[in-house]
Amino acid sequence: GTTILTQTSIDKTIKKAISNARLGSKFRKEPASFRKLKPVQDSYLFRPIEDPFLMDDKYKIDFHEKIAQKLIVNEKIVYSNVYTEFYRQYKIFANTEGTFVDSLVYDTMPMMYVLASNGKESMCRTYPGHMNGRRGGFEEVRKVKMEENTDVIIEEAIKLLDAPRIEEERADIIIGSGHLALQLHESAGHATEADRIYGKEISYAGKTFIKPNMLGNFRYGSDLVNIYSDSTNKGGMGYHIVDDEGTPGATVDIVKNGILVDQQTSQENAALLGVQPSSNMLASYADDIPLIRMTNFCLAPGKGSLDDLIKSTENGYYIDFTKTWSIDDNRNNFQFTTEIGWKIENGELKHIVKEPTYFGITPEFWAACDGICGEEEWDFQGTFHCGKGEPGQAMHLSHGVAPARFKNIVCNVKA
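Here the sequence shown stands for residues 476 to 890, numbered as in my numbering.
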């Protein structure tokens, strides 16, 4: 593709596409298979309530400056920042099969951060967290109420300095939506991108433990775990009318009642697997090559509120807000650390704990899920920065999740 719609640029792009196809054909073992798709003519023009690109710059700066001033009121806060990323993209997709679709989207990602120190160690708190990208304009900044939460994260960051860590070798953990979105992203989202099965994406921990013969019989999680890809939900940043192969947006079950049933696919990989293409072939920009990418990748809700889930937990921890993580190149063996957690005793939240850390093997971890909150707790979390490919591309996408509980999870590795 190209972002320059002159005849010279279009001719150059066509020649480049033909050259790439000829070069790629030298490495193919079998012909590529593409289904004939029904042409689509449609338009999706999202209009935010408050367009950040039309707002006065001074107002936006003053809005954030007011929050910034509230983040430096305590002598133990040694660093703080507040910012919002705004994104707007107008896109035209047309192909020789008769599809013509144009789309306009706005995405917004607000964030504030504080770092507390007592001279011996430092602890951070963020809000709304690293997975808070969302479809919309400046109205989304107002919704998260950053100014009202400045005192909360300052107080928590300072308390974390003297808080204990999890001591148990294993514990039941309830993971809040902000962090569970990343857990889903890393251990299920990337793992079920079909190009990884065939060794076509090795960068960024780019393989997967999944093999083609696992579809339909491999237990990925407990019976409660239902995971799906949905590019038809306009509430998430992964919505589209067609992907960058012209495949119409679709809802596709990936894990059904704990069993792996499908993958996120392109037309080519769908043909190899014998499944329908899932509308997941996307490029970040017109001059990027499309890759299999997550859209709205979701964990289906269960039943009950977060309070219900906590009350039904005799002994464990509630943790949220991602701090750091690591996962192997097969998307199988991982470690996650969140900023903060709360001890649960007899169904009640007690004292906070610092840097709660847990370890797991992907299918064993999801098999340990014994509770997922209901629709009233379910919402989209999102990121602007899902990296993949060489040269690298960053994708905007969403994860629909609700807090969930996992039993007997490793929280400390004994030497």
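Glycine residues also receive a C-beta, built at the ideal position from the N, C-alpha and C atoms.
Just so it is clear, the structure is predicted and the values come from calculations on it, not from any experiment.
| query | result |
| --- | --- |
| Does the distance from the C-beta atom of His715 to that of Ser578 stay below 8 Å? | yes |
| State buried or exposed for Ser753, treating a residue as buried only when at least 16 other CB atoms are found within 10 Å of its CB. | buried |
| Measure the alpha-carbon distance for Tyr565 versus Phe575 and round it to whole angstroms. | 14 Å |
| Do you know whose CA, among Tyr558, Leu636, Tyr581 and Tyr562, lies nearest Tyr602's CA? | Tyr558 |
| Considering only their Cβ atoms, is the gap separating Ala877 from Glu852 smaller than 8 Å? | yes |
| What residue does the alpha helix (DSSP H) around Asn495 start on, and which one ends it? | Gln482 to Ser500 |
| Measure the C-alpha to C-alpha separation of Ala842 and Asp782 and round it to an integer number of angstroms. | 23 Å |
| Enumerated in chain order, which unbroken segments of the alpha helix (DSSP H) with a length of 4 residues or greater are wholly contained in the segment 767-798? | 781-786 |
| Would Asn556 and Pro585 be called neighbours here (beta carbons separated by less than 8 Å)? | no |
| Report all residues from its chain with a CB closer than 7 Å to the CB of Ala890; omit the five preceding and five following residues, and keep chain order. | Since pLDDT at Ala890 reaches only 39, below the 50 mark, its modelled position is unreliable, and no value is offered. |
| Taking 8 Å as the cut-off, does the segment 809-826 touch the segment 588-605 (at least 3 CB pairs, one atom from each stretch)? | yes |
| Do Gly664 and Gly604 have their C-beta atoms within less than 8 Å of each other? | no |
| If contact is defined by three or more beta carbon pairs under 8 Å, each pair taking one atom from either stretch, is the segment 817-836 in contact with the segment 857-869? | no |
| DSSP has Thr583 in a bridge; who is on the other side? | Phe561 and Arg609 |
| Nearest-angstrom Cα distance between Ile785 and Lys882? | 13 Å |
| Determine the direct distance from the alpha carbon of Gln856 to that of Asn805, and round the result to whole angstroms. | 24 Å |
| Nearest-angstrom Cα distance between Ser678 and Phe684? | 15 Å |
| Going by DSSP in three states, Trp853 sits in which element: helix, strand or coil? | coil |
| Helix, strand or coil for Arg671 per DSSP? | helix |
| Quick one: what's got a C-beta closer than 8 Å to Lys896's C-beta in the same chain, skipping five residues either side? | The question about residue 896 has no answer here: the residues shown for the chain are numbered 476 through 890. |
| Which of helix, strand or coil does DSSP assign to Ala879? | strand |
| By a C-beta neighbour count over all protein chains shown, 10 Å radius and 16 as the cutoff for buried, is Glu615 buried or exposed? | buried |
| Let's test the definition: count the other Cβ atoms within 10 Å of the Cβ of Arg671 and tell me whether it reaches 16, buried, or not, exposed. | buried |
| Nearest by alpha-carbon distance to Gln658: which of Asn790, Glu823, Gly733 and Asn807 is it? | Asn807 |
| Please classify Gly681: is it buried, with 16 or more other beta-carbons within 10 angstroms of its beta-carbon, or exposed? | buried |
| Looking at C-alpha atoms only, which residue of Lys487, Leu546 and Tyr581 is the closest neighbour of Gly612? | Tyr581 |
| Could you tell me which of Val627, Ser484, Tyr562 and Asn549 sits nearest to Ser592, measuring between CA atoms? | Asn549 |
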